[in-house]
Every structure is written in structure tokens, then in C-alpha cells.
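Engineer: I have a structure I would like to understand better, so I am pasting it below and will then ask my questions one at a time.
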């Protein structure tokens with residue numbers, strides 16, 4: 061195996077020269093035939109570079125050259141650097157940074173990983189519009205993206221200036237967001253989307269990168285796949301093969317039209333869209349995702365190489381609107397247009413990246429102009445920006461300080477939901493001085509029976525996030541509803557967390573057999589808390605799933621379960637795929653910590669410790685690794701070492717609620733309550749809405765300060781009003797302090813959340829008896 065891998069690596073290392081010679085010969089018309097030795101290689105097409113496409117596809121190539129794809133990453137030079145390097149100065153967090161040139165090279169003088177000012181050479185530019193970042197190369201092969209960026213907009217628009225990407229955060233070298241930290245590492249965070257056919261080249265034994273690419277920017281083959289076989293097809297006279305030597309034909313729009321009869325307001329696709337080839341190609345970069353394997357190209361299953369994020373809390377609002385920077389794809393997947401068969405290139409010309417038509421004319425290609433592009437529909441002045449379709453149906457959110465991105469979920473504005481679910485809406489984005497009730501009434505005046513929109517999951521997801529009664533059942537219904545987009549069903553499965561009802565378990569079991577891989581994988585994750593025997597029964601069939609990321613997740617969940625002998629081979633194979641994905645990301649502390657978790661499940665404690673120590677070497681600011689390693693030390697009987705680890709973590713991250721909480725618990729276990737209490741108080745102070753921290757602090761305060769303990773519970777209940785643990789403890793403490801009406805109130809709230817709770821009934825009876833003066 062090692063010999064084979066070495067041979068493959070040797071072949072790969074020789075390819076750039078081969079590719080260059082082949083492309084040059086083809087363009088010059090000099091290649092008369094393929095040598096016999098290339099016949100086998102033709103079965104594994106190679107990357108030949110965008111220039112090789114220009115002679116036959118000149119118009120597309122010229123359009124691409126003007127696009128941001130072509131300029132996604134470039135060598136730093138007078139032709140590519142947009143920023144002011146004429147001894148420009150910029151001050152942030154007390155640090156003055158200088159930008160200057162010397163001998164045709166570009167430099168920055170700023171604070172480095174140790175906080176000391178030093179000179180760093182700019183090796184590459186990163187992006188062009190509306191901002192450009194700059195990459196610094198370190199001796200270990202890391203490329204780090206400076207957090208001070210150049211605003212490339214015209215001066216009249218506020219541009220032509222240096223600015224910091226975290227203007228309000230005061231980021232210094234001890235912060236995870238500092239430009240030298242892993243969060244700003246190009247090799248892992250950025251490179252795969254800004255270059256073509258990237259190979260990260262991380263050596264975990266030496267903690268070094270040797271990252272390589274076939275093309276420095278996003279070239280033709282990033283979307284169309286490696287082109288050597290296509291070049292051979294073209295040279296042989298463009299006959300025969302239906303796929304033209306391409307790894308994937310992006311032909312979903314070929315010969316298709318959208319038709320609308322006179323009485324219809326919206327056109328429909330002439331024939332149903334049978335695949336999502338184009339969107340998968342775009343989603344490799346235009347999605348929030350984790351890369352788990354290299355080698356993706358057009359035609360390969362996306363889920364074998366990437367784990368796209370679901371519509372998760374924190375990334376999205378409960379109604380699916382973008383919250384954090386999520387890069388379009390998942391927003392579009394939840395839309396009515398996606399369900400109708402619209403593809404990315406129906407709206408965007410893929411080579412230039414420009415819209416196919418400007419303004420409302422883009423939408424009225426399919427939506428009747430007389431009805432929709434009219435004040436009768438949008439009830440705004442036709443000359444105003446508010447009359448643009450995108451203003452209401454694709455509102456913008458600005459990221460990276462100056463980069464507005466439109467929400468591609470293409471939804472109907474719902475200010476009525478904003479009032480009840482605290483979600484944004486396009487109306488109040490413009491009319492910020494008005495209430496959501498005013499906006500909802502304004503819509504009703506113009507549309508007496510306003511439509512509810514295509515996305516119908518907001519109330520269920522919001523209820524789940526708030527722990528409301530019936531939320532689990534609502535999530536189970538969404539998961540089982542075939543009318544919902546697959547992404548919505550998968551996101552509902554993820555929200556089920558620890559299923560506590562037969563209805564939820566039944567929906568999840570059905571989800572394991574869903575045609576969509578993301579639904580199967582999300583359903584798997586929700587079953588982690590099942591007893592080992594049932595996990596084997598339900599999950600084992602997915603060890604042979606056709607999608608690698610599903611197989612890997614199944615293996616992870618069965619790592620501590622008794623897998624039958626007849627399934628050991630498929631289990632071992634899937635487990636190797638899971639470990640391979642962790643090894644691929646071994647440059648990250650989170651992947652090392654996940655590998656440590658796997659080793660713990662396998663009973664390999666020393667191996668787990670080794671991975672956690674490696675995680676902290678990679679990133680001394682990564683809090684979960686301190687907590688996991690301290691827990692292992694505690695289990696090994698070394699409480700002193702566990703305490704020392706958490707104290708070291710707090711020296712690195714003094715404002716970490718997690719580390720204060722973990723240290724407080726550790727000190728309580730050692731009967732050092734007086735030392736523990738300040739840490740538990742600090743964790744609650746830093747994260748006042750976290751129910752776990754508040755509950756633990758109340759328990760710690762209760763023996764000596766019962767009144768303060770109840771006050772802590774009451775404060776947390778304001779933000780977590782449906783947390784049953786908080787309500788139960790608040791009722792108990794209220795009873796102890798003779799506050800019967802308050803105890804009864806908490807017990808009644810518990811009963812509304814769970815009408816069959818015997819604990820709540822008992823508490824309510826005790827409160828009533830206490831109020832009547834009867835002994836408890």
C-alpha cells in the first residue's frame with residue numbers, strides 16, 4: 061500500500077510539467093497522437109489549466125477573465141495589489157500597522173503571533189471587490205490572511221482605505237480571531253474555494269503544510285472538472301462520446317424553456333429538473349461546509365467530500381433567513397424557486413458571474429411584469445429602490461464590514477412572524493423607525509389576505525429552540541413530510557436532539573431510509589443517545605450507504621457498540637473513512653479533539669490524551685480540548701493535573717465561561733467549595749442565559765445563600781422560561797423559603813409544559829398545602 065501511494069505521489073509531482081507541455085502542444089496544433097502510456101491516464105483525467113480552454117471557448121474564457129473567479133487569488137504584484145502600500149499607516153487596538161514596498165515586493169509591519177511588531181512579506185492577494193485581503197506565508201507553509209483589508213470600492217462610496225474586519229472587537233494576538241491564528245489560516249479555511257484542484261499537503265508529524273494547486277485561482281476546471289480527456293475528445297474531431305470527455309455535462313438548461321400562458325402569472329419549467337448537477341458544483345464553494353476529503357470535481361458526489369451545514373441555529377434565524385455568512389446554497393435550497401427547478405445559471409451567467417438581466421427584468425423573465433412589476437404589487441414608487449423585487453424578496457445582510465450579500469431564500473416578507481418569533485423582515489429593514497405590527501398592517505392594507513409563503517417551518521423551529529410544549533412532535537412532522545425540502549427535513553432531524561417520544565423515534569427511523577443523504581446523516585446524529593443495542597439495530601445498515609459521509613457518521617456512532625461479526629468488515633471500512641476525514645483535518649484542534657472522542661469511545665484513553673495534547677499544541681486557545689483532557693486526567697485519578705490544565709486554559713482564555721465552569725465543577729468535586737464558587741459565578745456572569753451555568757451556580761449557592769440561589773434561577777428563567785430543570789428547582793427553592801404562591805406558579809408552568817409530570821403535580825400540591833398553612 062505504501063509503495064502504491066509513493067508511486068502515485070511521484071506521478072502527481074510530475075504532472076504540472078506534463079500538463080503544460082500537453083496544453084502548449086494542443087494549442088499549437090502539434091500533437092499528432094497520444095502515446096500508448098497515456099491511454100490508462102485518460103481514464104483518470106488531469107487538470108490542464110484554463111488557458112487550454114481559450115482556443116475553442118474564447119468568448120467564455122474572456123468573460124471568465126473579467127470575473128472574480130479569475131482573480132480569487134493572485135501573486136502579489138503591481139498588477140494585482142489594489143491597496144495603498146506607499147508607506148500607508150493604520151492603527152487598530154493600539155497597534156500601528158505600516159504597508160510599504162521594497163524592491164518590487166510588498167510588506168506589512170504589524171503585530172505577529174507573539175504580539176511583537178515585525179515585518180511580514182505579502183505573497184498573495186485574496187479577492188478583489190468590494191475588498192481585497194493579503195496573505196502572508198510562514199516558514200511552516202502556513203498562509204495567513206491579514207485582518208486589515210483594503211476597501212476597493214471607489215472613494216465616493218467610502219472606499220480606497222484600510223479597515224479592520226473586526227472593527228469593534230479590539231482583537232490582539234491572544235484572541236482566536238487574530239490574523240495569525242487558525243481561524244485566519246488560508247490552507248484550511250479559504251484555499252479550497254479560491255484555487256483549483258487544491259491539495260492541502262499537511263504533514264501531521266511535522267506540523268507543516270506543502271499546499272499545492274493546479275491553478276492559483278478559480279479556473280474553468282473548478283466547475284467543469286479536469287479537462288485532459290475533453291481536450292483529447294476535441295482533438296479527435298468532436299465526435300462520438302455524448303459526455304465529450306468531460307467529467308460532467310452541465311446541461312440542465314440545454315433545450316429548456318420556461319412557459320407561461322396568458323392567464324398564468326408565473327412560468328413553469330417545460331420539463332421537470334431531474335438532477336441538481338449544477339447546484340452541487342456551485343455548492344462546493346457557495347455553501348457553508350466542512351471539507352472532509354480532497355479530490356472533488358464536477359461529477360463526483362458532493363457529500364463524499366463536503367459536509368454542508370444545515371439550517372442551524374446561530375447560522376440561520378428560525379424562519380431560515382441568513383444570519384451568519386452562509387454563502388447562498390442552503391438559502392436557495394429552501395426556496396420555492398429551487399423546488400420549481402430554477403438553477404443558479406438561470407439567473408447568473410456562470411463565466412462572467414454577472415446577472416443575465418439587470419433589475420426587475422431578471423424576475424419578469426418568469427413572473428408576469430404587468431402584475432408583479434407594478435405598484436399594485438409592491439406598493440412603492442416605481443423609481444425607488446423599494447420597487448426592486450430583490451429589496452423585498454432578497455434582502456441584504458452586510459458581512460466583512462462592507463460586503464452586502466443577498467438572502468437567496470426568496471421569501472415573502474413576514475413582519476407578522478417578526479413580532480412573534482423575533483426574526484428580521486425586509487419591511488423593517490428599510491422602515492427601521494416603525495414597528496413590526498405597523499409593517500404587518502401595511503401589508504394587510506394592500507393584500508387583505510396575505511400569502512404565508514413557501515417556508516412553513518418557522519413556528520416549529522422557534523418552539524424547539526425555546527423548548528415549548530409540542531415542539532418535538534412538530535419537528536417529527538416536518539421530518540416526515542415529503543413536501544418539505546430535503547434540507548428542511550434534515551434540519552428538523554438535527555433539532556430533535558435527544559428524541560423523547562415514540563413519534564420522534566419513528567420519524568428518525570424513517571429518516572434513516574430517506575432518499576436524500578443529508579436527511580439520513582442528520583437522522584443518524586439525532587440517535588446518538590440510544591442504547592448501544594438499538595443503535596446497532598437501526599444504524600448498522602447505513603455502514604454500507606452509497607454516500608461516504610453517511611457511512612462515516614454511522615461508524616462513529618457504533619464505535620462503542622457491539623457490532624455483529626457479519627458486519628465487522630463494513631464497520632471497519634466505514635470507520636477507516638471516518639478516521640480518514642479526521643486525519644485530513646488533523647491541522648485543526650477541533651478535528652484532533654473529535655479523534656480523541658473517538659478514542660475514548662474505543663476505550664483508548666492514552667491515545668485520546670495524545671490527540672488532545674496535539675490539539676492544544678496546534679491551538680492553545682481551543683477551550684474544549686482543555687475540558688476534555690482535564691476530564692481524562694480526572695478519570696485517571698489525577699485531580700491535581702486536571703485542575704492545573706484548566707487553570708492553564710484560563711491563563712490563555714481568562715474570559716472563557718466554559719473553562720470557569722469546568723474548573724468550578726472540578727473544585728466542587730474536590731470539596732473546595734469556597735474556591736469553586738467564584739469560578740461558577742464568573743461562568744454565569746460571562747454567559748447569563750446559559751441554563752446549565754445558572755443551574756449549577758444556584759446549586760452551589762443554595763447551602764449558604766439560598767435567597768441568592770433563587771435569584772439566579774429567576775434571572776436565567778427570563779431568557780429560558782421553558783427550561784423544566786430551572787422551573788423545578790425554582791419551585792423547590794421557593795417552597796423552602798416559604799414562598800408558596802411563587803412555587804405554585806413554577807409548578808403550574810411545569811404542568812403546562814408536561815401535563816403528565818408527577819413531579820409537577822407533587823410540587824403544586826405541596827405549594828397549595830403550604831399556602832393553606834398545612835404541614836408539608
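In our numbering, the protein residues as written are 61 to 836.
Where a beta carbon is used, it is the ideal one built from N, C-alpha and C, also for glycine.
Everything numeric in this text was worked out from a predicted model, so none of it was measured.
Using the C-alpha atoms, what's the distance from residue 203 back to residue 231?
Structural biologist: As a working note, residue 231 is residue 171 in the chain shown. As a working note, residue 203 is residue 143 in the chain shown. Their Cα atoms are separated by approximately 19 Å.
Engineer: Tell me whether the stretch 386-394 and the stretch 368-377 touch, counting them as touching only if at least three CB pairs, one residue from each stretch, are closer than 8 Å.
Structural biologist: yes
Engineer: Looking at the structure shown, is residue 194 part of a helix, part of a strand, or coil, going by DSSP?
Structural biologist: Position 134 of the chain shown, counted from the first residue, corresponds to residue 194. Of the three classes helix, strand and coil, the one that applies to residue 194 here is strand, per DSSP.
Engineer: If we ignore side chains and look at the alpha-carbon of each, how far apart do residue 101 and residue 283 end up?
Structural biologist: Position 41 of the chain shown holds residue 101. Position 223 of the chain shown holds residue 283. With a pLDDT of only 44 at residue 101, under 50, the local geometry of the prediction cannot be trusted, and no value is derived from it.
Engineer: At 4 residues or longer, what runs of the alpha helix (DSSP H) sit wholly inside the stretch 256-293?
Structural biologist: 280-284
Engineer: Count the other C-beta atoms from every protein chain shown that fall within 10 angstroms of the C-beta of residue 816, then say buried if there are 16 or more, exposed otherwise.
Structural biologist: Here residue 816 corresponds to residue number 756 of the chain shown, with the count starting at 1. Flag for residue 816 reads exposed.
Engineer: If residue 539 sits next to residue 571, beta carbons under 8 Å apart, how far is it from one beta carbon to the other, in whole angstroms?
Structural biologist: Counting from 1 along the chain shown, the entry for residue 539 is found at position 479. Counting from 1 along the chain shown, the entry for residue 571 is found at position 511. In this structure, residue 539 and residue 571 form a Cβ contact; the two beta carbons are roughly 6 Å apart against a cut-off of 8 Å.
Engineer: Note down the Cα distance separating residue 456 from residue 381, rounded to an integer number of angstroms.
Structural biologist: For the purposes of this step, residue 456 is identified with residue 396 of the chain shown, where counting begins at 1. For the purposes of this step, residue 381 is identified with residue 321 of the chain shown, where counting begins at 1. Going by the C-alpha atoms only, they are around 11 Å apart.
Engineer: Just curious, the beta strand (DSSP E) that residue 440 is in, first and last residue?
Structural biologist: Numbered from its first residue, the chain shown carries residue 440 at position 380. Segment: none, residue 440 is in no beta strand (DSSP E) and carries neither H nor E.
Engineer: Between 147, 113 and 522, which lies nearest to residue 483 when the distance is taken from Cα to Cα?
Structural biologist: Residue 483 sits at position 423 when you count from the first residue of the chain shown. The option with the nearest alpha carbon to residue 483 is 522.
Engineer: Looking at the structure shown, is residue 628 part of a helix, part of a strand, or coil, going by DSSP?
Structural biologist: Residue 628 sits at position 568 when you count from the first residue of the chain shown. Residue state, collapsed to three classes: helix.
Engineer: Return the CA-CA distance between residue 545 and residue 751, expressed in angstroms with no decimal places.
Structural biologist: Position 485 of the chain shown, counting from 1, holds the residue named residue 545. Position 691 of the chain shown, counting from 1, holds the residue named residue 751. Computed Cα separation, rounded: 33 Å.
Engineer: Can you grab the Cα-Cα spacing for the pair residue 115 / residue 291, in whole Å?
Structural biologist: The residue labelled residue 115 in the question sits at position 55 within the chain shown. The residue labelled residue 291 in the question sits at position 231 within the chain shown. Computed Cα separation, rounded: 11 Å.
Engineer: What is the rounded straight-line gap between the Cα of residue 83 and the Cα of residue 297?
Structural biologist: In the chain shown, counting from the first residue as 1, residue 83 sits at position 23. In the chain shown, counting from the first residue as 1, residue 297 sits at position 237. Confidence in residue 83 is poor, its pLDDT being 36 and thus under 50, which makes the residue's placement unreliable; the coordinate value appears in the next sentence. Between residue 83 and residue 297, the C-alpha separation is close to 17 Å.
Engineer: Indicate whether the contact test is met: 3 or more Cβ pairs, each with one atom in the stretch 242-253 and one in the stretch 630-639, closer than 8 Å.
Structural biologist: no
Engineer: Among the residues of its own chain, which have a CB less than 6 Å from the CB of residue 476, if the five just before and after it don't count?
Structural biologist: Translated into the one-based positions of the chain shown, residue 476 becomes position 416. Result list for residue 476: 500, in chain order.
Engineer: Under a three-way DSSP split, which group does residue 505 fall into?
Structural biologist: Mapped onto the chain shown, residue 505 falls at position 445. Residue 505 falls in the helix class under three-state DSSP.
Engineer: Could you tell me how far apart the beta carbons of residue 590 and residue 615 are, in whole angstroms, since I believe they sit closer than 8 Å?
Structural biologist: Taking the first residue of the chain shown as 1, we reach residue 590 at position 530. Taking the first residue of the chain shown as 1, we reach residue 615 at position 555. Going by Cβ atoms, the distance from residue 590 to residue 615 rounds to 16 Å, so no, they are not a contact pair.
Engineer: In this structure, does DSSP put residue 242 in helix, strand or coil?
Structural biologist: If you number the chain shown from 1, residue 242 lands on position 182. Three-state DSSP puts residue 242 in a helix.
Engineer: Buried or exposed, going by whether 16 or more other CB atoms sit within 10 Å of the CB of residue 135?
Structural biologist: For the purposes of this step, residue 135 is taken as the residue at position 75 of the chain shown. Its Cβ having fewer than 16 others within 10 Å, residue 135 is exposed.
Engineer: Go through the stretch 674-747 residue by residue and report every complete run of the alpha helix (DSSP H) that reaches 4 residues or more, in order.
Structural biologist: 683-695, 699-712, 717-729 and 733-746
Engineer: For residue 827 versus residue 804, is the C-beta distance shorter than 7 Å?
Structural biologist: Position 767 of the chain shown holds residue 827. Position 744 of the chain shown holds residue 804. Yes, they are a contact pair.
Engineer: What first and last residue would you give for the beta strand (DSSP E) that runs through residue 224?
Structural biologist: Walking along the chain shown from the start, residue 224 turns up at place 164. Where residue 224 is concerned, the enclosing beta strand (DSSP E) stretches over 221-224.
Engineer: Is it buried or exposed for residue 453, if we count other Cβ within 10 angstroms and need 16 for buried?
Structural biologist: Within the chain shown, residue 453 is the residue found at index 393, counting from 1. Per the 10 Å Cβ criterion, buried.
Engineer: Assuming residue 535 and residue 565 form a contact by the criterion Cβ under 8 Å, report the distance between their Cβ atoms to the nearest whole angstrom.
Structural biologist: Translated into the one-based positions of the chain shown, residue 535 becomes position 475. Translated into the one-based positions of the chain shown, residue 565 becomes position 505. At roughly 12 Å, the Cβ-Cβ gap does not stay under 8 Å, so residue 535 and residue 565 are not in contact.
Engineer: What number of angstroms, rounded off, separates the C-alpha of residue 773 from the C-alpha of residue 785?
Structural biologist: Here residue 773 refers to the residue found at position 713 of the chain shown. Here residue 785 refers to the residue found at position 725 of the chain shown. Each residue's Cα considered, the two are about 10 Å apart.
Engineer: What residue range does the alpha helix (DSSP H) around residue 125 cover?
Structural biologist: Within the chain shown, numbered from 1, the residue matching residue 125 stands at position 65. It spans 118-125 - the alpha helix (DSSP H) in which residue 125 sits, taken as one unbroken run.
Engineer: Could you compute how far the alpha carbon of residue 85 sits from the alpha carbon of residue 459?
Structural biologist: Along the chain shown, read from residue 1 onward, the residue named residue 85 stands at position 25. Along the chain shown, read from residue 1 onward, the residue named residue 459 stands at position 399. With a pLDDT of only 34 at residue 85, under 50, the local geometry of the prediction cannot be trusted, and the value read off the model is given with reservation. Computed Cα separation, rounded: 45 Å.
Engineer: Between which two residues does the alpha helix (DSSP H) containing residue 454 stretch?
Structural biologist: Taking the first residue of the chain shown as 1, we reach residue 454 at position 394. Note, residue 454: premise wrong, no alpha helix (DSSP H); not H, not E.
Engineer: Using the three-state DSSP reduction, which class does residue 184 fall into: helix, strand or coil?
Structural biologist: Counting from one through the chain shown, the residue named residue 184 turns up at place 124. If DSSP states are grouped into helix, strand and coil, residue 184 belongs with the strands.
Engineer: Is residue 94 helix, strand or coil when you go by DSSP?
Structural biologist: Position 34 of the chain shown holds residue 94. Residue confidence for residue 94 is low, a pLDDT of 32 falling below 50, so the modelled location carries little weight; the figure read from the coordinates is stated next. Under the three-state reduction of DSSP, residue 94 is assigned to coil, being neither helix nor strand.
Engineer: Could you tell me if residue 742 is buried or exposed, where buried requires 16 or more neighbouring beta carbons within 10 angstroms of its beta carbon?
Structural biologist: Along the chain shown, one-based indexing puts residue 742 at 682. It is buried - the Cβ of residue 742 has at least 16 other Cβ atoms within 10 Å.
Engineer: Does DSSP put residue 763 in a helix, a strand or coil?
Structural biologist: Walking along the chain shown from the start, residue 763 turns up at place 703. Of the three classes helix, strand and coil, the one that applies to residue 763 here is coil, per DSSP.
Engineer: Using CA atoms only, rank isn't needed, just tell me which of 128, 720 and 399 is closest to residue 328.
Structural biologist: Here residue 328 corresponds to residue number 268 of the chain shown, with the count starting at 1. The option with the nearest alpha carbon to residue 328 is 399.
Engineer: Taking all protein chains shown into account, do 16 or more other C-beta atoms lie within 10 angstroms of the C-beta of residue 506, making it buried, or fewer, making it exposed?
Structural biologist: By one-based count along the chain shown, residue 506 stands at place 446. Under this definition residue 506 is an exposed residue.
Engineer: According to DSSP, residue 171 sits in a beta bridge with which residue or residues?
Structural biologist: Here residue 171 is taken as the residue at index 111 of the chain shown, counted from 1. DSSP, once it has assigned bridges, lists 177 as partnering residue 171.
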